[in-house]
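For reference, the structure is listed below as structure tokens.
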Amino acid sequence: MPVSSDDTFLHEDNAALIFEPLKFRRLEVKNRLFRSNLSGMFDDYNGHGGNARLNWEEKFARGGVGCIISSYTPVAVRGRILTRYAMIDDDDKIPFWRAVGERVHKYDCKFIMQLSHSGRQQDLGGVENLHKKGLSSTDKKDYFHGLLAQAMTVGEIQEVVEQFAQGARRAREAGLDGVELHGANGYLITQFLSSGINDRKDDYGGSWENRSRFVLEIVRAIRREVGPDFHLQMKINAVDHNDWLYPWQKKGNTLEETKKICRLLLDGGKGVDAFHISSGSTFPHPRNPPGDLPLLDLVRWYDGMLSQGTWARFNYWIFNHGLTARLFLALWRWRRGKIIEGINAAYSKALREDIRKVDESIKVLCTGGFQHASKIAGAIRDGSCDGVTIGRPLIANNDLPQILREAEGPTAGKACTYCNKCLIHDLENPLGCYELSRYEGGSFDEKWNNMIEEVMSVFDPPTFPGAPTSNVAAANAATQDPPAAQ
Ligand SMILES: Cc1cc2nc3c(=O)[nH]c(=O)nc-3n(C[C@H](O)[C@H](O)[C@H](O)COP(=O)(O)O)c2cc1C
Ligand code: SF4
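Heads up: the sequence shown begins at 67 in our numbering, then just goes up one per residue.
Take a look at the structure:
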């Protein structure tokens, strides 16, 4: 079901709704536009943050989003998916995250940290994970890449619960505005929650209540550390669709099960404050990020995975051969369906309606394809969500909030095409928009140069004080002052 069409509303009505502040139980955000989680390899190999990440987050705050939800932030080195992501595994990371918070707060933009653990779903876990299987609810390897797994003992479960709790404490000490549990898209929390993955026979497997035990313990441990007044939200799959790529897999959690899990996580008013709705039990998944599979880029950058999963060579062979690659692409597009903008809105609406029967103060955010004012306002107006989170359209247009204030969306040729080149490049290259057609220029070379300049702008200003900066950095520096309150 698509987001309701809002052709009947004037743009100014849509803009008024989008720029209305959103009050969570313990946090207020200036508008309904959240930068969704966007991981990029910007930092030091050992998980210490760098200047590029400060520059990266500032771009979105300057562009006018009300809140940034951070990229995947590992609570332990065993839980990372790629190297060079800033972590929150130790108190020595607090000063960096304090600097990130201060940088975006200058723009009246809030910052929520996504606390994450990969479990078995690691792309390149780095030297600390070499020759180790990923911790998981199960011994079974991930079915997509064939990444090896080891079922956690109860002692290991308790250790990871504590790592999440300490991550939340550190985020609070860093002056950030809240934390989000990454409970979606196949990472460790999903590996426990999903009936398609969790095959345990103990108290952490079996019924939906048992599968929820791990994350409920995390929620309670976080509350023990940060108290009742720190914002806590959870990104969750409305539906797993665990069998969408491989029909012989179990289907995983249904919407009805997710409703029960969400109610449980409210923990009688002492648990989570908001849910962030996604879908799809792996990353990537045809529903997330919803869009295309750029086959040429996929062949070029998937090679990094060859040393990882037992299925990676087979996958690479499929992607590298015309016929099989096109068949895989056709399966991907068929499973995704026709609707990209608001792909999760119907699920989000069903969950929001159910949660609000228990507690009207709980807010729901929805992710997936949003970049037009009528679609965003429509989703809020029809009760699908209280706000939207935006990933790729904000990579394409960092100033999308300013665009949406004035117009329905980006001008022709400037919108995000959902090509997913940013995602595939992310395995080896700086995170940015790699869709050449979106860049200015009459010739290929002009467009190419503009693209590279834009992608590399995240490294300006550079880490080393006094190093020369580019024109882009100079232009950014000229607009260092926060815009007037939006
Ligand atoms: C390059 C890239 C990196 C992403 N990194 C994360 C991440 O670290 N954590 C997460 O929960 N989702 C991540 N996502 C998913 C997005 O947060 C978002 O939910 C999804 O892309 C759908 O929104 P969009 O259509 O606005 O991009 C990533 C997506 C992309 C394209
Ligand atoms: S590469 Fe650019 S146009 Fe393509 S999905 Fe990413 S942000 Fe959108």
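For glycine and all other residues, C-beta sits at the position ideal for the given N, C-alpha and C.
Just so you know, these numbers come straight off a predicted model, no measurement behind them.
*Just how far apart, CA to CA, sit Asp363 and Asp295?*
Roughly 45 Å between the two C-alpha positions.
*With 16 other CB atoms within 10 Å as the buried threshold, where does Asp243 fall?*
Under this definition Asp243 is a buried residue.
_Beta-carbon separation (whole angstroms), Lys316 vs Trp274, contact threshold 8 Å_ = 14 Å between Cβ atoms; not a contact.
_Top-ranked residue by Cα proximity to Ile302, from Asp158, Phe380, Leu181 and Gly192_ = Residue Leu181 is the option with its Cα nearest to Ile302.
*So who's on the other strand from Gly244, going by DSSP bridges?*
Ile178 and His297
*Compare the beta carbon distance of Ser450 and Ser414 with 8 Å and say whether it is the shorter of the two.*
yes
_Rounded straight-line distance, which links the Cα of Glu512 to that of Thr256_ = Distance between the alpha carbons of Thr256 and Glu512: 44 Å.
_Residues near Ile446 by beta carbon distance below 8 Å, same chain, minus five either side_ = Leu83, Ile84, Arg98, Asp452, Gly453 and Val454
*Quick one: does the C-beta of Arg150 sit closer than 7 Å to a heavy atom of ligand 4?*
This structure simply doesn't include ligand 4; it includes ligand 1 and ligand 2 instead.
_Reduced DSSP secondary structure (H/G/I, E/B, other) of Gly249_ = strand
*Do Pro459 and ligand 1 come close, with the Cβ less than 7 Å from some heavy atom?*
yes
*Does the distance from the CB of Val292 to the CB of Ala234 come in under 8 Å?*
yes
*Around the C-beta of Tyr312, are 16 or more other C-beta atoms found within 10 angstroms, so that it is buried, or is it exposed?*
exposed
*Beta carbon of Arg169: closer than 7 Å to some heavy atom of ligand 2?*
Taking the Cβ of Arg169 as the reference point, every heavy atom of ligand 2 lies at 7 Å or farther away.
*Residues in its own chain within less than 6 Å of Val521 by CB, not counting five upstream and five downstream?*
Pro496 and Gly498
*Ends of the alpha helix (DSSP H) at His77?*
His77 to Ile84
*Counting along the chain, where does the alpha helix (DSSP H) carrying Phe230 start and finish?*
Val220 to Glu239
*Whole runs of the beta strand (DSSP E) within the region 110–150, excluding any shorter than 3 residues*: 133–140
*Please say whether Pro352 and Arg392 have beta carbons closer to each other than 8 Å?*
No, these two residues do not count as a Cβ contact at 8 Å.
*Between Pro356, Leu214 and Leu247, which lies nearest to Met179 when the distance is taken from Cα to Cα?*
Leu247
*Whole-angstrom Cβ separation of Arg39 and Gln187, contact assumed at under 8 Å?*
Nothing about residue 39 can be reported from this structure: the residues present for the chain run from 67 to 552 only.
*Can you pull the DSSP bridge partners for Thr455?*
Phe100 and Thr433
_If we require 3 or more residues per run, which beta strand (DSSP E) segments fall completely within the region 442–514?_
453–456
*Which value, in whole angstroms, describes the spacing of the CA atoms of Ser503 and Gly479?*
Using only the alpha carbons, I get a separation of about 7 Å.
_I'd like to check one pair, Ala340 with Arg245: are the Cβ atoms closer than 8 Å?_
Per the sequence presented here, residue 245 reads as Val, with Arg not at that position. Contact flag unset, no.
*Can Ile288 and Ala231 be called in contact, C-beta distance under 8 Å?*
yes
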